[in-house]
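Step one of this worksheet: look at the structure below.
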Amino acid sequence: MSKTDHVVADTEAVESSVPQSSMTESSVTETTPVEAKSGGSRGSQGAKGAGGGSRAEEPQRIDTMFLWNRLKRTDPKATKPFTRSGGFRGTQIDPTWRFQMMTEVFGPIGKGWGYEQVDWTIAERMIFICARVWYIDPETKEKCFTGPQWGGTEMVRRRNGMEMPDDECFKMSMTDAVGKCLLQLGLAADVYMGQFDDSKYREESEAFYAAKSNPDLQPAAVEAFEAEVKRRLGACLDLDDLEEVWRSGVGTRLREIGAVDRAAQHRITGLFAQKKAEILKREEEDGREAA
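This is the structure in structure tokens:
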């Protein structure tokens with residue numbers, strides 16, 4: 001296998017993890033908690049026809065799963081199993097982690113998102129609170145609301161065979177209600193859909209959040225890496241130079257970036273494909289001139 005084939009094979013190995021139709025910057029839609037610098041638009045506008053003429057504008061296509069896909073994956077470190085009376089088993093999600101995820105996507109509570117009490121009642125020695133969550137759409141800046149949800153907690157707790165008032169029952173009822181509202185946006189949906197029962201899925205989630213916390217994979221670092229790749233590719237004169245850039249650790253770094261920012265991975269991989277095409281075209285033109 002030639003050096004050129006090595007570069008192409010490695011590039012295709014990275015690209016093969018995603019549909020080829022998503023390789024153009026205008027059509028990439030991010031599906032991970034880290035927002036892409038470009039290509040992350042949730043909709044696309046109609047295009048103009050060839051020859052300068054215009055055609056009827058196509059309806060804007062909206063990615064209705066944008067927020068759901070940003071919020072659906074749960075950090076295993078923010079969960080713990082629990083068992084209720086009767087043998088019911090489930091996964092408990094840290095409420096603080098929920099707030100962290102909402103702040104990451106929408107901004108500080110009270111500014112980018114928040115929640116409000118709609119109603120409350122007491123019945124059967126339990127406190128029930130109805131709440132709804134509001135958030136500012138990242139693209140349209142429109143204020144949106146989830147549907148209202150009820151949360152309930154017993155007003156007394158039992159310890160050593162004795163019943164005592166629970167002074168946190170109101171707070172826990174609100175937490176329960178808000179958590180149900182956030183599920184409507186997709187937050188921690190993988191837990192409720194049973195994916196956390198799969199040990200392989202949990203391992204993938206652990207790897208995802210480990211990569212996400214890596215300083216080298218934060219948006220600013222990825223942007224700087226992309227700029228450096230562009231600079232180095234601009235200096236490539238032939239396919240040997242292109243291979244040298246790829247073999248300098250770019251392929252490994254791209255696989256890591258793909259774990260948290262698939263759109264950035266696509267863009268950088270596309271730079272190599274574009275540069276390769278330019279080199280081959282120039283070599284073909286030089287060959288014709290020499291003949």
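Letter 233 of the sequence shown, counting from 1, is numbered 233 in full-length UniProt numbering, and no numbers are missing. We put the CB at the ideal spot given by N, CA and C, even for glycine.
Using beta carbons (cut-off 9 Å, strictly below), is Cys181 in contact with chain D? The chain inventory of the structure shown lacks chain D, comprising one protein chain alone.
task = Can you tell me the Cβ-Cβ gap for Ser173 and Phe128, rounded? I've got them flagged as a contact below 8 Å.
result = On the sequence shown, residue 173 is found 173 positions in, with the first residue counted as 1. On the sequence shown, residue 128 is found 128 positions in, with the first residue counted as 1. Indeed, because the Cβ distance is near 6 Å, the residues count as touching under 8 Å.
Open item on the list: By alpha-carbon positions, which one of Phe82, Ala188, Arg253, Arg70 ends up nearest to Ala224?
Closed with: The count along the sequence shown starts at 1 and reaches residue 224 at position 224. For Ala224, the nearest C-alpha among the options comes from Arg253.
message: Can you check which of these residues, Trp68, Asp119, Gly90, Phe88, is closest to Met102 by C-alpha distance?
response: Residue mapping note: residue 102 aligns to position 102 of the sequence shown, counting from 1. Out of Trp68, Asp119, Gly90, Phe88, Trp68 has the C-alpha closest to the C-alpha of Met102.
Between Ser205, Cys236, Ser199, which lies nearest to Phe272 when the distance is taken from Cα to Cα? Residue numbering aside, residue 272 sits at position 272 when the sequence shown is read from its first letter. Cα-wise, what sits closest to Phe272 is Cys236.
Can you tell me the Cα-Cα spacing of Arg202 and Thr79, whole angstroms? As a working note, residue 202 is residue 202 in the sequence shown. As a working note, residue 79 is residue 79 in the sequence shown. Roughly 11 Å between the two C-alpha positions.
Cβ pair count under 8 Å reaching 3, the region 216-234 against the region 102-122
no
- [ ] List the endpoints of the continuous beta strand (DSSP E) containing Met164.
- [x] Within the sequence shown, residue 164 is the residue found at index 164, counting from 1. 162-165 is the extent of the beta strand (DSSP E) around Met164.
What are the boundary residues of the beta strand (DSSP E) that Lys143 is part of?
Taking the first residue of the sequence shown as 1, we reach residue 143 at position 143. Taken as a continuous stretch (DSSP letters only), the beta strand (DSSP E) holding Lys143 covers 143-145.
>> For the alpha helix (DSSP H) containing Lys212, name the first residue and the last one.
In response: Within the sequence shown, the letter at position 212 stands for residue 212. Taken as a continuous stretch (DSSP letters only), the alpha helix (DSSP H) holding Lys212 covers 199-212.
Under 9 Å between C-beta atoms of Thr153 and Phe170: If you number the sequence shown from 1, residue 153 lands on position 153. If you number the sequence shown from 1, residue 170 lands on position 170. In contact: Thr153 and Phe170 (Cβ atoms closer than 9 Å).
Ile257 by DSSP, collapsed to three states: which one? Walking along the sequence shown from the start, residue 257 turns up at place 257. In this structure, Ile257 counts as helix in the three-state DSSP scheme.
Item to complete: For Cys181, count neighbouring Cβ atoms within 10 angstroms of its own Cβ and tell me buried if that reaches 16, exposed if not.
Response: Taking the sequence shown and counting its residues from 1, the one referred to as residue 181 is at position 181. With 16 or more other Cβ atoms within 10 Å, it is buried.
In the region 84-134, which residue ranges form an unbroken beta strand (DSSP E) of at least 3 residues, counting only runs that do not cross its ends? 89-93, 113-123
With distances taken from CA atoms, which of Gly234, Lys275, Asn214 is nearest Glu256? Your numbering for residue 256 matches position 256 in the sequence shown. Glu256 has its Cα closest to that of Asn214, out of Gly234, Lys275, Asn214.
Task: Sequence-distant residues of the same chain with beta carbon closer than 7 Å to Lys143, five excluded per side - done: Position 143 of the sequence shown holds residue 143. Taken in chain order, the residues that qualify are Trp134, Ile136.
| query | Quick one, which of Leu185, Glu204, Gly151, Arg159 has its alpha-carbon nearest Asp75's? | reply | Numbered from 1 along the sequence shown, position 75 holds the residue referred to as residue 75. Of the listed residues, the one whose Cα sits closest to Asp75 is Glu204.
Work out the CA separation of Asp216 and Gly287 for me, nearest whole Å. Looking up residue 287 in the sequence shown gives position 287. Looking up residue 216 in the sequence shown gives position 216. Taking the straight line from one Cα to the other gives about 42 Å.
- Shortest alpha-carbon distance to Met65 belongs to which of Arg267, Gly186, Gln274, Val156? Against the sequence shown, residue 65 aligns to sequence position 65. Comparing Cα positions, the closest option is Gly186.
Tell me which same chain residues have a C-beta within less than 8 Å of the C-beta of Met155, skipping the five on either side of it? Within the sequence shown, residue 155 is the residue found at index 155, counting from 1. The answer, listed in chain order, is Ile122, Arg125, Met126, Ile127, Pro165, Asp166, Cys169.
Counting C-beta neighbours from all protein chains within 10 Å, is the total for Lys72 16 or more, i.e. buried, or is it exposed? One-based indexing of the sequence shown puts residue 72 at position 72. Burial call: buried.
Do the CB positions of Ala264 and Glu226 come within less than 9 Å of each other?
Here residue 264 refers to the residue found at position 264 of the sequence shown. Here residue 226 refers to the residue found at position 226 of the sequence shown. The answer is yes: Cβ separation under 9 Å.
inquiry  = Tell me which residue opens and which closes the alpha helix (DSSP H) that Val245 is part of.
reply    = Taking the first residue of the sequence shown as position 1, residue 245 is located at position 245. Looking at the DSSP string, the run of the alpha helix (DSSP H) that includes Val245 is 239-245.
Review point. Would you report the Cα separation of Val178 and Ala189, rounded to the nearest angstrom?
Key: Walking along the sequence shown from the start, residue 178 turns up at place 178. Walking along the sequence shown from the start, residue 189 turns up at place 189. Whole-angstrom Cα-Cα distance: 14 Å.
| Delimiting residues of the beta strand (DSSP E) encompassing Thr153 | For the purposes of this step, residue 153 is taken as residue 153 along the sequence shown, with counting starting at 1. Counting along the chain, the beta strand (DSSP E) containing Thr153 begins and ends at 149-154.
Tell me which same chain residues have a C-beta within less than 6 Å of the C-beta of Gly258, skipping the five on either side of it? Residue 258 sits at position 258 when you count from the first residue of the sequence shown. Answer for Gly258: Gln265, listed in chain order.
*Where do the ends of the alpha helix (DSSP H) carrying Lys72 lie?*
As a working note, residue 72 is residue 72 in the sequence shown. Unbroken run through Lys72: none, as it is neither H nor E.
Using only the alpha-carbon positions, how far apart do Lys276 and Thr140 sit? Stepping through the sequence shown from its first residue, residue 276 is reached at position 276. Stepping through the sequence shown from its first residue, residue 140 is reached at position 140. So the alpha carbons of these two residues sit roughly 38 Å apart.
For the alpha helix (DSSP H) that contains Phe170, what are its first and last residues?
In the sequence shown, residue 170 corresponds to position 170, counting from 1. Note, Phe170: alpha helix (DSSP H), 169-183.
Going straight from the alpha carbon of Arg231 to that of Pro138, what length do you get? By one-based count along the sequence shown, residue 231 stands at place 231. By one-based count along the sequence shown, residue 138 stands at place 138. Between Arg231 and Pro138, the C-alpha separation is close to 32 Å.
Beta-carbon separation (whole angstroms), Phe196 vs Thr91, contact threshold 8 Å
Your numbering for residue 196 matches position 196 in the sequence shown. Your numbering for residue 91 matches position 91 in the sequence shown. Their Cβ separation, rounded to whole angstroms, is 5 Å, which keeps Phe196 and Thr91 in contact under 8 Å.
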